[in-house]
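Protein chains in written order, with our numbering: chain P, 1 to 372; chain B, 1 to 298. Every residue, glycine too, gets a C-beta built ideally from N, C-alpha and C. Please read all numbers here as calculations on a predicted model, not as lab measurements. Accompanying notes for the structure given below.
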Amino acid sequence: MRLRDNNVFRFWSFVGIPLMIIIIACFHQGGYYTHLINTFGIYIILVASLNLVNGFSGMFSMGHAAFMAIGAYVSAYFTLPTDIKYSFLPGLPHWLKDIQLPFLAAMLLGSIAAMLVALVVGFCVLRMKGHYLSVATLGLIVIVRSVLDNQDSITNGARGITGLPDHAVTWTIFFVAVVVMYILHRTIRSGFGRELIAIRDDTVAARTMGINVTKYRVLIFAMSAFFAGAGGALWGHLQSVISGKFYYYDMSFKIVQTSIIGGVYTLSGSIVGSLFMTFVPEFLSPLESGLQIFGVQLPEMYGLSNLIMAAFLVVLIIFRRQGLVGYSENIVNSIFSPDVYKAAVSPKEYKKLLGIIASKFTRLLHKKDNKS
Amino acid sequence: MSIEYIISQLINGLRLGSVYAMVAIGYSIVYGILRLINFAHGDILTVGAYTALTLMVAFGYPLWLVIILSIIISVAMGLLIERVAYRPLRNAREETTLVSSLAVSAFLQNLITMVFSEQRKAFQLPDWLTEIHTYGIVKLSTMNIIIFATTIFLLIFLSIIMKKTRIGMAMRACSDNQRAAALMGININVVVAVAFMIGSALAGLAGIMLAGEYKTVDPAMGFAPGLKAFVAAVLGGIGSLGGAVLGGFILGIAEMAFAGLLPTSITPYRDAMVFVLLILVLLVKPNGILGSDEGGRS
């Protein structure tokens, strides 16, 4: 038995320890690492929903930022304090100015708005294939951005909206992330998900089997946009400021990049990719400001960490096209498998784990013996 | 709205369009052969502009030498990118190479930021280029005339290469059917390298022109024109030279028309209009205006 198949190991590495870190983060609101963990959680939502489109249904959308923007703005309309709405957003209808909803409800409304836009756009755009779809979704970002920048009375123009209440705290983010993951996990394992994968692997064959390809594509695109809207709402309330320029190419590219790094064919890939893309650039950023290594003062090199990440992405694509995770869905399966939780409290499973580790060690020792 | 105004907007459109057309040709040739949207193509344009800037300011070379050297460096950069980032991915899915090109684009942008700093830098072409000539109601700068002439000359030149020479035939064969072409003894690597050479040379030249037009350079300057040039290539029918040029001119004129002739309340939406136009054209003609039948809609 391999280590990664052992339920106790799966529990602690994929559920127990992450959960502890998240709980600790919940009690340290406002800290630097808490912020990183929050960003990580939001990335999981965004990347997983992108993987649903790009990995499981064989389309290639790059328009995630547009749906995030819609989710963020619409949810902000429902959570902003009334006086801010009156002074900065005079174009809103009166009922909307006076209304105040709890965050999760506002987020849901934002997601629904994003989904509706995706439904409309999907009918036009999803008939195109491959690259044409990518470009059309890129176009969507530009269109949304210019609406946001120019409809001053309801978006406050390019200045953006500031003063969003900080509802996106760690527990909200991870609550949403787990719910989203669970829904996606169930979707992919349902008949619907199988049909999607059939469309991805062979569109013509899928159509011959009686699958209505366009309908499924539009549905899945809308579903992905729904979660992207939720992610965007969380993002906006985490940063407490939203404006068109945050939801532009850079954002979309970063999400696409994260999804490719982690692995586009699995949901676990979105977790690993987000982990990688949130924390590694942070550790690289000291390099930019001129780090001192072994007494040698490196010069200031602005842009170096992005440079390294881009180079890494090229190398990764060349040598491991399927992403870091590849095709293994172990992480997400562990999180939602009852066996894993049962194993955490049964001594028998711990004994098995010890057995595996012991056998690994002995094998390691033998190898050393052989070499010498 | 006077007739002079409309004509001057039209000329602006043609000028912008010829820069788009030049970049679009590169996209189109590369896409035709590799089915790759080379997002790094726009950054080759930046490389060309920065090389020209360095050679002019730091070394004080004359303009003709600057242009030749910048084109050579752009071509070298294009070939290097192809060798490092695209050749290992020859058999991968379309989307994989697309992401690779995005990464290369980010790499180049950050490299230029790192070397030259993020600030805009002034870019001054010699005065005789920006001098304005008046022909009746038409006003043109020397630069405009050169840009038009170059674009038209290059289009004719490239069409002849594509139609008459061996390498042109090989390129057309590759974009029709790469495997069959390889079986007929065509060296795919050479064909791809030539495609990248032509594309990068044009992009480098377009970079200098664009920098001269705006009188500044910055590390992200190539991105937006690159994307629009790609839209132009798709609009005209990606894979066809004439389509790229036609798309470039349509896009340039449309953009200027949106900016100059429509009421001012719509003007800020000009970038959005460009994409709406693209989506509409693709819905009616999924392969672009001059595109072939293959590809497009599923």
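A distance below 7 Å between beta-carbons, with the five flanking residues on each side excluded, links His185/P to the following residues of its chain, in chain order: Leu267, Val332 and Phe336.
Taking C-alpha positions only, Ala118/P is separated from Thr137/P by approximately 10 Å. Taken atom to atom, the span from the alpha-carbon of Leu313/P to that of Gly303/P is near 15 Å. When C-alpha distances from Arg270/B are compared across Ser2/B, Glu4/B, Gly26/B and Gly13/B, the shortest belongs to Gly13/B. Contacts with chain B (Cβ-Cβ distance below 7 Å) from the segment 298-329 of chain P involve Met301, Tyr302, Gly303, Leu304, Asn306, Leu307, Ala310, Ala311, Leu313, Val314, Ile317, Ile318 and Arg321, listed in chain order.
For Gly263/P, none of the residues of chain B pass the 9 Å Cβ criterion, the least Cβ distance being about 12 Å. Counting only runs of 4+ residues, the alpha helix (DSSP H) found wholly inside the segment 47-105 of chain P occupies 64-79, 82-88 and 94-98, in chain order. In this chain, the alpha helix (DSSP H) harbouring Tyr182/P covers Thr170 to Arg189. Taking CB atoms only, Val99/B has a neighbour in chain P less than 9 Å away. CA-CA distance, Leu79/B to Gly32/B, rounds to 17 Å. Remark: C-beta atoms of Ala48/P and Val180/P approach each other more closely than 9 Å.
Under the 10 Å beta carbon count, Leu50/P is surrounded by 16 or more other beta carbons and is classified as buried. Shown here, Tyr327/P sits in coil according to DSSP, grouped into three states, outside any helix or strand.
Within the segment 156-168 of chain P, no residue places its CB atom closer than 7 Å to a CB of chain B. In the structure shown, the three-state DSSP call for His237/P is helix.
Of the candidates Ile67/B, Leu251/B, Phe223/B and Phe107/B, Ile67/B places its Cα closest to the Cα of Ala201/B. Ranked by Cα distance from Glu94/B, the first of Ile173/P, Pro286/P and His131/P is His131/P. Assigned with DSSP and collapsed to three states, Leu140/B falls in strand. Within its own chain, the residues whose Cβ lies closer than 6 Å to the Cβ of Ala206/P, once the five positions on either side in sequence are excluded, are Ala198 and Ile199, listed in chain order.
Taking CB atoms only, Tyr249/P has a neighbour in chain B less than 9 Å away. Comparing alpha-carbon positions, the option among Phe221/P, Ser75/P, Ser305/P and Leu307/P lying closest to Asp166/P turns out to be Ser75/P.
In this structure, Leu101/P keeps its C-beta atom at 9 Å or more from the C-beta atom of Val176/P.
Only residues of its own chain outside the window of five on either side were considered, and among them Ile44, Val47 and Ser200 have a CB closer than 7 Å to the CB of Met77/B, listed in chain order.
At a cut-off of 9 Å between beta carbons, Ile160/B makes no contact with chain P.
DSSP places Tyr50/B inside the alpha helix (DSSP H), whose first and last residues are His41 to Thr54.
Nearest to Phe67/P by C-alpha distance, out of Leu133/P, Ala222/P, Gly210/P and Phe11/P, is Ala222/P. Legend: CB atoms of the segment 131-143 of chain P lying less than 8 Å from CB atoms of chain B belong to residues His131, Tyr132, Ser134, Val135, Ala136, Leu138, Gly139, Leu140, Val142 and Ile143. One alpha carbon belongs to Ser289/P, the other to Met114/B, and they sit about 12 Å apart. A buried status is given to Pro225/B, since no fewer than 16 other beta-carbon atoms sit within 10 Å of its beta-carbon. Straight through space, the alpha carbons of Phe227/P and Pro81/P are spaced by roughly 25 Å. By the C-beta density criterion, Tyr182/P is exposed, having fewer than 16 other C-beta atoms within 10 angstroms. Note on Cys124/P: under 16 other CB atoms within 10 angstroms of its CB, so exposed under the neighbour-count rule. In the three-state reduction of the DSSP assignment, Tyr135/B falls in the strand class. Taking 9 Å as the threshold, the shortest C-beta distance from Asp202/P to chain B does not fall below it.
Within the same chain, Glu94 come within 6 Å of Arg35/B by CB-CB distance, once the 5 residues on both sides are set aside. Across the segment 113-141 of chain B, CB contacts with chain P closer than 8 Å involve Thr113, Met114, Ser117 and Glu118, in sequence order along the chain.
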